[in-house]
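This report concerns only the one structure given below.
There are 2 protein chains.
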Amino acid sequence: MDKMHVSLKDLAEELHISISTVSRALKNHPDISPALTQKVQELAKQRHYIPNPYAIRLLKQGSKTIGVIVPDIVTHFYSSVISGIEAYTKEKGYAVVISSSQESCLKEKDNIDNLLNLRVDGLIICLSKQTTDFKHFDKIIEGNTPLVFFDRVCRTGEISSVVADNYEAARMATLHFFQTGSKRIAFINGPGDLNIAKERLSGYLAGLKDCGLKISKDLLASCDMTPESATSATQKLLALDVIPDAILSINDTVAFAAMKEIKKQGLKIPKDIALVGFTDEFHATIVEPELTSIMHPTFEMGQEAARLLINQLESKIPETPRQIVMRTRLVIRESSIKNSK
Amino acid sequence: MDKMHVSLKDLAEELHISISTVSRALKNHPDISPALTQKVQELAKQRHYIPNPYAIRLLKQGSKTIGVIVPDIVTHFYSSVISGIEAYTKEKGYAVVISSSQESCLKEKDNIDNLLNLRVDGLIICLSKQTTDFKHFDKIIEGNTPLVFFDRVCRTGEISSVVADNYEAARMATLHFFQTGSKRIAFINGPGDLNIAKERLSGYLAGLKDCGLKISKDLLASCDMTPESATSATQKLLALDVIPDAILSINDTVAFAAMKEIKKQGLKIPKDIALVGFTDEFHATIVEPELTSIMHPTFEMGQEAARLLINQLESKIPETPRQIVMRTRLVIRESSIKNSK
DNA sequence: CTGAAAGCGCTAACAT
DNA sequence: ATGTTAGCGCTTTCAG
């Protein structure tokens, strides 16, 4: 496979003119005569000339590329945030390179190195669930590469981020449970180091308080957000002397697993146990009953993150870190309404 | 944001030695004294030196990058194929750039241009469902960029590809329906231009024949693979004077939509209508009843496609196009077994 | 053991 | 209106 991409030089030699003339003709530079310009452009097309982007990057410093690291790429939440990022960055003339940490801190570090090596102009990251120590971000900061976190964030004092109103969302979901007749409201949480887990927990506890319900350790389960661990967390809750009559889940994947286990044990949703998920996954409407969930403005979160990053990138003055909090919306479907079904 | 990445020159000046010495020291070249080598490497670390990849690419021709175009990035099938591609290419030292056509032929063309501009060393593509004309691949072939298709393919005479045994899979699924008590087996097909649609249709028809069932136009519906159109295709089938007692769907997304509609009309799955999907999506086990589906070896398909491409890439002799057919497996769950439930 | 110089493909300032 | 030249950062002969 001798690639031998044609270069300006090749075209110049074939036409017996100089390289710069070819370069200019290809850019419709007014200095070049229309006739020559056309001749050059024709030959270029014919020979399938493509400018070598590496030469241009080298010359123009700056890759016009931004790197994105997400915990995984199959979850609709992340794909959708990525779409938002792409929409905004494309508009601004940046390319996007996506990589996945597969929820592993080690892979996250690898990805950072790779992207830094690629010389991305900036980085947008959502922490892996394993990430509990944040030293590996030093490298990014010291290298002066702009950085923005989204959803799962850290070091919010130093680094800009885009997050959901997790506290408020969890609180509202808890109130919703209470208003629709639930009294023993459980929560299946995720890894305690994640800001989303902490904030949602606080919101849940605040919600209980608002409803005048007392907090019970028993009703607080925890999982690592895999379907398997969500299943055992659910089993734990269902093994209580008095089982919960509602379960709030840290995300929809966990809610799906809980739903499956609840049904398996012969309990009815929402009659016996009401269920609410988080993030409003794509498949919330194909399960039965349809899952009530807290919808995130995913596309907009991506756009905001990209906006934050590019502002930072293009402004000469280093901006002070900002945190943008996005409003979520409780989308009420079948799984949470005790009265109806 | 003055990036000002440090260069070899910067390091050289700081140490009052030549650029080439620094370059060699960083690569542990035996010619350089251990003492100097260490000194250079320390300074490099301290200054966060990162080699400029664009300079290297420019020098060493060939991007060591391969481009992938998938119809979408949220479907588990594609994410999983991508994982397989990444696994193999990473091993071979290639990076992967992923882009999505969003099932649009126009975007597919755009993506091709972008990736070609990026000078990827090769391309792995799954056609968008809208792609019915294949001229835009000429550009790739003429530019001598190796190309491999997977799943949805075209021009198989000229271009290597990796596909599933669609014909056989559809035939087997049809037999499975018959063996478990179904007699009026319907098929919801996708856009007729896609090879997967044609092949699965043939398999379905062959299956009917094998079972001694007669082919009925009524039982053949078609959709564009969106949930909405799948729903209307299902409605059409359910509006027949004698409704089908089994439905084979072109993919799981369609099957999910069909399932929802069937349940909505008060019919039971599989008692009234048995259901089988295609590609074994991630969520097949969270729906109720769990969906019987034809599982594709997605990861392996990705690996094979990457293997095909890199062989082509690295061999000097142009290989003759090959088509690799991967074996699928019918994963029997609840939705298809009339006898049991 | 180390340095000097050429060149990858391109752009742009500086000639002509 | 077109050509010449320098230089982006790096590797790699070729010379010491």
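So the protein sequences, as listed, match chains A and B.
If you read the first sequence in my numbering, its first letter stands for residue 125, the second for the next number, and so on.
If you read the second sequence in my numbering, its first letter stands for residue 125, the second for the next number, and so on.
For every residue, glycine included, the Cβ atom is placed at its ideal position computed from N, Cα and C.
Chain-ordered, the chain B residues with CB closer than 8 Å to the CB of K387(A) read E412. Contact between G191(B) and V221(B) holds: their C-beta atoms lie close to 5 Å from each other, under 8 Å. Counting of Cβ neighbours within 10 angstroms places K169(A) among the exposed residues, the total staying below 16. Taking 7 Å as the upper bound on Cβ-Cβ separation, chain A lies near residues I197, V198, H200 and S203 of the stretch 192-204 of chain B. Contact residues of the stretch 448-464 of chain A toward chain B are absent (C-beta to C-beta distance below 7 Å). Contact annotation: in the stretch 164-177 of chain A, residues whose CB is within less than 8 Å of a CB in chain B are H172, I174, P175, N176 and P177. With a threshold of 16 other beta carbon atoms within 10 Å, H300(B) meets it and is buried.
In this structure, the straight-line span from the alpha carbon of P421(B) to that of A211(B) is close to 14 Å.
Against chain B, a Cβ distance below 8 Å from I222(A) picks out I222. For E215(A), no CB of chain B lies under 9 Å from its own CB, so it is not counted at the interface with that chain. Look at A219(B): its C-beta is under 9 Å from a C-beta on chain A. Judged by their CB atoms, F274(B) and I236(B) are not nearer to each other than the 9 Å cut-off. Between the alpha carbons of K360(B) and V272(B) lies a distance of about 38 Å. Against A179(B), the close residues of chain A are L182, in the order they occur along the chain (beta-carbon pairs closer than 7 Å). Between the C-alpha atoms of N268(B) and L337(B) there is a straight-line separation of about 49 Å.
At least one CB of chain B lies nearer than 9 Å to the CB of M383(A). Straight-line spacing of the CA atoms in K333(B) and D342(B) works out to 16 Å. In the pairwise beta carbon analysis, the stretch 445-457 of chain B is classified as touching the stretch 289-296 of chain B: at least three pairs are separated by under 8 Å. F402(A) and A288(A) have their alpha carbons spaced roughly 11 Å apart. Looking from the CA of S340(A), the closest CA among L432(A), K322(A), A179(A) and P368(A) belongs to P368(A).
Residues of the stretch 233-245 of chain A whose Cβ lies closer than 7 Å to any Cβ of chain B, in chain order: L240, N241, L242 and R243. The Cβ atoms of K216(A) and S224(A) lie no closer than 9 Å to each other.
In the three-state reduction of the DSSP assignment, V164(A) falls in the helix class.
Interface annotation for the stretch 254-276 of chain A against chain B: K263, E266, G267, N268, T269 and P270, criterion Cβ-Cβ distance under 9 Å.
In this structure Q303(B) is exposed. Its beta-carbon is surrounded by fewer than 16 other beta-carbon atoms within 10 angstroms. Around E292(B), the same chain offers G327 as residues with beta carbons nearer than 7 Å, after the five sequence neighbours per side are excluded. In this chain, the alpha helix (DSSP H) harbouring N319(B) covers N319 to D334. Under the three-state reduction of DSSP output, I448(A) falls in the strand class. In the DSSP assignment, the residues bridged to L454(A) are I418(A). Under the three-state reduction of DSSP output, V130(B) falls in the coil class, being neither helix nor strand. Here N241(B) is exposed, its C-beta having fewer than 16 other C-beta atoms within 10 Å.
I143(B) and G426(B) do not touch by the CB rule: their CB atoms are close to 41 Å apart, not below 8 Å. Within chain A, the residues whose beta carbon sits less than 8 Å from that of F406(B) are V198, listed in sequence order.
Scanning chain A for C-beta atoms nearer than 9 Å to the C-beta of H129(B) yields Q185, R243, G267 and N268, reported in chain order. For V146(B) and R324(A), the gap between their C-alpha atoms comes out near 52 Å.
Residues of chain A with a Cβ closer than 7 Å to the Cβ of F380(B) are, in chain order, I410.
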